[in-house]
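Okay, so here's the structure we're looking at.
Protein chains: 2
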Amino acid sequence: MEPIRIGVLGLGTVGAGTVNVLRRNAGEIARRAGRGIEVTRAAVRDPGRPRDCDLAGLDLTGDAGAVVDDPSIDVIVELIGGTSAARDLVMRAIAQGKHVVTANKALIALHGNEVFTAARAAGAIIAFEASVAGAIPVIKSLREGLAGNRIRSLAGIINGTSNFILTAMQSGGQPFDEVLAEAQALGYAEADPTFDIEGIDAAHKLTILASIAFGHPLQFDRVHVEGLGAVEPADISYADQLGYRIKQLGLARRTDRGIEMRVHPTMVPKQRLLASVDGVMNAVLIEGDAAGPIVCHGAGAGAEPTASSVVADLVDVVRTLTTDPDQRVPHLAFQPDRITDVPVLAMEEVESAYYLRMLAEDRPGVLAELASILGGLDISIEAVVQREPPRGVSQVHLIMLTHRVRESRMNTAVAGIEASSCIEGPVTRIRVEHFEAD
Amino acid sequence: MEPIRIGVLGLGTVGAGTVNVLRRNAGEIARRAGRGIEVTRAAVRDPGRPRDCDLAGLDLTGDAGAVVDDPSIDVIVELIGGTSAARDLVMRAIAQGKHVVTANKALIALHGNEVFTAARAAGAIIAFEASVAGAIPVIKSLREGLAGNRIRSLAGIINGTSNFILTAMQSGGQPFDEVLAEAQALGYAEADPTFDIEGIDAAHKLTILASIAFGHPLQFDRVHVEGLGAVEPADISYADQLGYRIKQLGLARRTDRGIEMRVHPTMVPKQRLLASVDGVMNAVLIEGDAAGPIVCHGAGAGAEPTASSVVADLVDVVRTLTTDPDQRVPHLAFQPDRITDVPVLAMEEVESAYYLRMLAEDRPGVLAELASILGGLDISIEAVVQREPPRGVSQVHLIMLTHRVRESRMNTAVAGIEASSCIEGPVTRIRVEHFEAD
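Here the protein sequences line up with chains A and B, keeping their order.
Going left to right, the first sequence walks through residues 24 to 461 as the working numbering numbers them.
Going left to right, the second sequence walks through residues 24 to 461 as the working numbering numbers them.
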């Protein structure tokens, strides 16, 4: 089957990330979607400017309308942002029955009601997972994964810039202005950060999530919005003493009297997951009457995290266009004829770090003997701790942390240790795993 | 449009929860799905036993096959568990082209390859979100929301019983056997807890997640499985001293040499989100090459959390059967003609607790005056703290935490406080929100 042909409007951070992800993962994406997805044209303001993606085979133009109107293009990815040109181009694509994937929260929050009506009339799909919380599939989770619930409330850290600033104020005790300047220097805040620090960006996203949660039309102008400016280092410190963290939250809640929608600095008890979301990360807490609280946490912005959601929407579109509707999403994610028989490693082949605990004689030379067993197998030791065992026997607990080593080699080491006369009984081992910063 | 008619096999904890959620939220569910969803028949082993759901209008039978074969039933919900009767009934439903929603991880992990092949051939939908991690929409997130990623690894706390036991050992220092007996008394562990504490249940779930992540066939027998039995209180205490928590993890990872699949007690650095998942909660960390790390956290078991995923699958089925495929999932979750104009509260109408910070004269009587302003408006004070302000001026920082109060009343209070002669400058206020335990 011919690949689906995509036209991208805008090749900034997210546009370049989208091209990169589609190309790098083309094989796996086609195995999941049932058809290849290929970016053939892109519209940019300045075709001469260097881009953060490979432009080979990509027809660049300064005329976005020409991409929208190109009959060879099946799906438009709108990554221009803003609400004027973007809106015109999206409506123009819809008028031609073309499907649109967008990351544009302002467009959806302010003009979504009109855009969706036009799209339904024209039989066009509009997908906008990337408009809220970057890589976190929060729209899909709320719209589909929690569709059985009466949603009680949602609360999100949905503006990375604000959260970066509050986290830095928290850890360094610096005032807002200093931290903002630092965030701008690091590229975590725009030169004009108004939308982020005044809460407008979060309010756009909250508008979208609240409508999906509660089933009312998008109404951005009913969100109460306060920025970060009033929070001083003293407040962060006092909050800490009282057991709280200050977070810029988007909050929507169902009450007997109506729906609350608000964005403002908020004190959250320290032991809540939302309180431990630091830096530019995003997280959304959704409380459903059946599900209870669900928290999703991940990167809220950036080239590839946002592209992850753009491409997921593209896969959704392609699955809808391509497959039998009853089997739209393959059971195991990959199309049944594209499931591969990659080898599964035997446990002996797996690498891991280890915690080892053993009962050892309390005399000189024991550690040297154990270290020589491990060293002889090229297993390096990260830490050794000796402790009185809880029951007060004459031996001591010897605890070792090792660096990563293949299981088969650790099996040999443990057998050697257990055979040693200075060790009594079996060695307890627990594998140690480190994960990418979450 | 006539409601979709559902037959439920098994009315235990999850079955009763499913009936309750479908009935309680019938209105919202129909607004989302585009059509009502009605349980008309249920099969149980003992039709005389009392059930945790309203049985009115529900035809109960001891003959599960009769429910499957009933031509008036459109979709079968299989909640019997196990792999013998459940498998036969699911295959029998598929043979008739009936759609099946199931929470049965053993069935999918052990027989999914065969079940899916039969379902595709018969044009039947098989949905199994409830089989992994209860209320967390992790299958949907992985299969659709992260479809653009090459998945690097996933790690999950996907057995609530094991996590409850480890959390209790951590907090109380008790040995495994004692905690297990306590968990059984509380209903958090089965009378025969083998599947949970030996890691089999987690391995079933890991088998499913790994195939969805990496695109290989389900192969439960290749998962390396170790139970909790070897972990002693001393290990939990030493791990704590070294900066770790011990968690029973299901781990799947892509390496150059093949796929790792393993379930075993694992030391996780304390600062990782997975380390702070306590009690019966579940969480799954997914690392995608584009998205980076995504963590989803929520209830992993229980009547209504699991029912949440069963009903979400039912809504998916109904949306697929009912609507124009291009508009299968409504943009704002609810069908466009079923969006309601519920009132959005003006901020003055919103209730919240408050943190107030002000610069006050350091003399007797100030607190009494402020307390009387708040008391006169029926605003109760949770805490008052007085602190030297950072800049060393003669006044002090007075910090108050109030209980929940309507914003309009707080506006009056703040105006009153700011007019008082013992207060200098404006009052800083930050709203305080508590959330349901996550």
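Note that the Cβ used here is the ideal one computed from N, Cα and C, for glycine as well.
For T435(B), the uninterrupted alpha helix (DSSP H) run begins and ends at 430-442, by DSSP. Remark: C-beta atoms of R58(B) and M24(B) approach each other more closely than 8 Å. Nearest neighbour of P359(A) by Cα position, chosen from H457(B), G157(B), A369(B), N136(B), turns out to be N136(B). Counting of Cβ neighbours within 10 angstroms places Q350(A) among the buried residues, the total reaching 16 or more. By the Cβ-count criterion, P328(A) is buried, with 16 or more other Cβ atoms from all chains shown falling within 10 Å of its own Cβ. Per the coordinates, the alpha-carbon of E213(A) lies some 19 Å from the alpha-carbon of A330(A).
Boundaries of the beta strand (DSSP E) around R64(B): 60-66.
Excluding the 5 residues flanking it on each side, I422(A) has same chain C-beta neighbours closer than 6 Å at R380, V408, in chain order. Inclusion of R427(B) and E371(B) in the CB contact set at 8 Å is not warranted, their separation being larger than that value. Taking a 10 Å sphere around the C-beta of G33(B), we find 16 or more other C-beta atoms and assign the residue as buried. Contact between V254(B) and F218(B) does not hold, since their C-beta atoms are separated by about 18 Å, which reaches or exceeds 8 Å. Here V248(A) has G222, A226, V286 as same chain residues with Cβ atoms under 6 Å from its own Cβ, once five neighbours each way along the sequence are excluded. Looking from the CA of E61(B), the closest CA among A39(B), K270(B), T343(B), A49(B) belongs to A49(B). Boundaries of the beta strand (DSSP E) harbouring A376(A): 374-383, taken from the DSSP string. From the beta-carbon of S95(A), no residue of chain B is found nearer than 8 Å; the closest lies around 20 Å away. For P359(A), the chain B residues whose Cβ falls inside 9 Å of its Cβ are F139, T140, R143, in order along the chain. For Y211(A), there are no neighbours in chain B by C-beta distance under 7 Å, as the nearest C-beta there is about 15 Å away. For K163(B), the chain A residues whose C-beta falls within less than 8 Å of its own C-beta are P160, K163, S164, E167, G168, listed in chain order. The continuous alpha helix (DSSP H) containing Q193(B) extends over residues 183-195.
Neighbours of A225(A) in chain B, taken as residues whose beta carbon is under 7 Å from its own, are absent, since the nearest beta carbon is some 15 Å off.
Cβ neighbours of A87(B) within its own chain (closer than 6 Å, five residues either side excluded): L32, A66, L112. Residue pairing from DSSP places V291(A) in a beta bridge opposite R268(A). Straight-line measurement puts the Cα of V455(B) at about 17 Å from the Cα of T278(A). Contact of G222(A) with chain B by beta-carbon distance below 7 Å is absent, the smallest such distance being about 13 Å.
Close to E456(A), with beta-carbon spacing below 8 Å, are these residues of chain B in chain order: A178, L272, L274, T289, M290, V291. Annotation: S154(B) to L165(B) spans about 14 Å, alpha carbon to alpha carbon. Annotated three-state conformation of H122(B) is strand, per DSSP.
Using a Cβ-Cβ cut-off of 8 Å, A335(B) counts as an interface residue toward chain A, since at least one Cβ of chain A sits closer than that to its own.
In the DSSP secondary-structure assignment, Q409(B) is bridged to L421(B). Using a Cβ-Cβ cut-off of 8 Å, H134(B) does not count as an interface residue toward chain A, since no Cβ of chain A sits closer than that to its own. Spanning the alpha carbons of L397(B) and G281(A) requires a straight line of approximately 26 Å.
Shown here for F243(A): same chain residues with a beta carbon closer than 7 Å to its own, the five before and five after excluded, namely A132, L133, A226, H227, T230 in chain order. Around E459(A), the beta-carbon contacts reaching into chain B at under 8 Å are E310, G315, P316. Looking at the DSSP output, A178(B) shares a beta bridge with L274(B), L308(B).
Taking 8 Å as the Cβ-Cβ cut-off, the region 384-406 of chain B approaches chain A at A406, given in chain order. Residues of chain A with a Cβ closer than 8 Å to the Cβ of T343(B) are, in chain order, P348, D349, R351.
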